[in-house]
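Taking it in order: structure first as structure tokens, then the write-up.
Residue numbers (this note's numbering): 87 to 481.
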């Protein structure tokens with residue numbers, strides 16, 4: 087080959103490589119910029135300090151003197167470490183790749199651009215998966231959650247549907263690695279449950295589960311009907327954040343009616359022999375909370391009061407939100423209690439969220455706790471909803 091032609095080809099290949107490395111460098115810079123933004127939004131410097139404090143606490147000799155608190159703090163530490171390690175690792179990898187690209191631009195033969203692009207694409211994919219955490223922008227999204235399921239009208243079918251929902255939610259929670267503690271359950275006469283309440287302990291538990299708050303509708307052939315007729319059943323899922331003890335919710339003792347009754351739960355040896363179960367009615371709001379699965383009446387009362395305070399805080403926020411909507415005029419967001427999702431098992435199979443239009447033709451998967459598509463769809467829909475509200479506020 088003519089030496090001049092060979093030199094020209096080498097020059098063009100070098101220029102092509104330089105252009106490719108320039109493009110890769112731009113992509114890495116954009117990725118690092120997004121990671122830095124996420125770092126600020128998630129307050130990961132604060133998370134780092136919190137991890138250090140928890141590690142010191144966990145190393146103390148008396149850390150396990152209170153097993154329940156120790157387990158809770160250990161779980162929190164593990165979750166914070168996982169979150170921080172994920173973002174920190176991604177940032178370190180991106181910075182290392184940026185340095186490699188700089189070296190490759192100086193010597194195009196030292197590294198293959200295709201290999202670098204492959205690594206960068208994997209990092210971008212990882213960022214997209216982790217970006218989901220940025221949707222948790224609510225004040226209580228990182229908190230634990232208190233979840234209640236109530237059967238609606240429909241007799242045994244509705245009670246059976248409520249138990250199916252309870253199972254679905256607990257499976258979802260367990261797949262996330264969070265801790266579940268059932269504190270109250272009222273069984274149905276023939277099948278299913280009338281109601282149940284459980285605590286979920288895990289970082290962003292409320293942020294995930296708030297998408298499930300509302301009325302869930304089931305359409306199926308009834309297993310409790312001799313003619314196997316198609317039946318529509320309803321059940322209500324309530325999700326509230328577990329508030330910290332330092333959050334002050336004033337409750338006048340005169341506004342409470344406290345009843346005790348014989349527990350039917352799994353609290354311990356005294357269950358079904360003493361009046362350890364507690365029901366608290368907040369008279370001004372008619373909010374009723376029951377707890378029967380703790381080991382003593384005192385523990386049941388403390389847990390019931392914690393749930394009541396969380397419900398009152400949630401009610402206060404909802405009332406404030408309604409006032410804002412009235413001031414905005416036309417804008418209205420989805421109200422609590424509206425039918426949010428339909429599960430159709432007959433004559434066809436489908437689960438559809440009526441707020442987000444997310445749907446699947448595999449209801450079995452959803453009922454087995456595969457809820458992430460619905461959770462993510464809700465969070466993205468809610469983010470757009472809030473953006474629209476902000477725009478209307480400006481007007």
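C-beta: ideal position from N, C-alpha, C; glycine also.
Being a predicted model, the structure only gives us computed values, none of them experimental.
Straight-line gap, residue i to residue j (C-alpha atoms, nearest Å)
i, j, result
"residue 349", "residue 336", "28 Å"
"residue 415", "residue 288", "Low confidence applies to residue 415: its pLDDT is 46, below 50, so where it sits in the model is not reliable enough to give any reading."
"residue 127", "residue 281", "38 Å"
"residue 181", "residue 174", "11 Å"
"residue 376", "residue 117", "49 Å"
"residue 321", "residue 119", "45 Å"
"residue 467", "residue 440", "11 Å"
"residue 496", "residue 429", "Beyond the ends of the chain as shown, which are 87 and 481, falls residue 496; an answer cannot be given."
"residue 149", "residue 163", "13 Å"
"residue 242", "residue 338", "38 Å"
"residue 108", "residue 168", "33 Å"
"residue 419", "residue 371", "Unreliable placement is indicated for residue 419, whose pLDDT of 35 sits below 50; no coordinate value is reported for it."
"residue 254", "residue 229", "21 Å"
"residue 433", "residue 311", "16 Å"
"residue 470", "residue 327", "22 Å"
"residue 346", "residue 177", "55 Å"
"residue 220", "residue 123", "10 Å"
"residue 257", "residue 151", "31 Å"
"residue 423", "residue 208", "Because the pLDDT at residue 423 is just 45, under 50, the model does not fix this residue reliably, and the point stays unresolved."
"residue 357", "residue 274", "Residue placement at residue 357 cannot be trusted, given a pLDDT of 48 that sits under 50; the coordinates are not used to answer."
"residue 244", "residue 238", "6 Å"
"residue 454", "residue 309", "19 Å"
"residue 340", "residue 458", "43 Å"
"residue 463", "residue 444", "6 Å"
"residue 250", "residue 153", "32 Å"
"residue 417", "residue 401", "Confidence at residue 417 is low in this model, with a pLDDT of 36, below 50, so the placement of that residue is unreliable and no value is reported for it."
"residue 325", "residue 235", "9 Å"
Bridge partner(s) assigned by DSSP for residue i
i, result
"residue 346", "364"
"residue 300", "323"
"residue 281", "236 and 272"
"residue 316", "307"
"residue 112", "Paired residues: none, contrary to the question."
"residue 266", "286"
"residue 228", "DSSP lists no partner for residue 228."
"residue 373", "368"
Integer-rounded CB distance, given that residue j should sit under 8 Å from residue i
i, j, result
"residue 265", "residue 206", "Residue 265 to residue 206, Cβ: 38 Å. No contact."
"residue 233", "residue 323", "7 Å"
"residue 389", "residue 380", "6 Å"
"residue 329", "residue 431", "Going by Cβ atoms, the distance from residue 329 to residue 431 rounds to 37 Å, so no, they are not a contact pair."
"residue 286", "residue 231", "4 Å"
"residue 385", "residue 363", "The Cβ separation is near 11 Å, so there is no contact."
"residue 317", "residue 306", "6 Å"
"residue 449", "residue 437", "5 Å"
"residue 224", "residue 172", "Contact doesn't hold; Cβ gap of about 21 Å is too wide."
"residue 170", "residue 134", "6 Å"
"residue 227", "residue 278", "Wrong, their Cβ atoms sit about 31 Å apart, outside the cutoff."
Enclosing alpha helix (DSSP H) for residue i [first to last residue]
i, result
"residue 133", "130 to 144"
"residue 187", "153 to 192"
"residue 381", "Premise fails: residue 381 is in no alpha helix (DSSP H) and is neither H nor E."
"residue 261", "241 to 261"
Endpoints, the beta strand (DSSP E) within which residue i is located
i, result
"residue 202", "Where residue 202 is concerned, there is no enclosing beta strand (DSSP E), although the alpha helix (DSSP H) it sits in stretches over 199 to 216."
"residue 289", "From DSSP, residue 289 is part of no beta strand (DSSP E); its letter is neither H nor E."
Residue-chain proximity (residue i, chain D), Cβ-Cβ < 8 Å
i, result
"residue 377", "Although the question refers to chain D, the structure presented lacks it and comprises just one protein chain."
3 or more residues per run - each beta strand (DSSP E) lying fully within the stretch 421 to 452:
425 to 430 and 436 to 439
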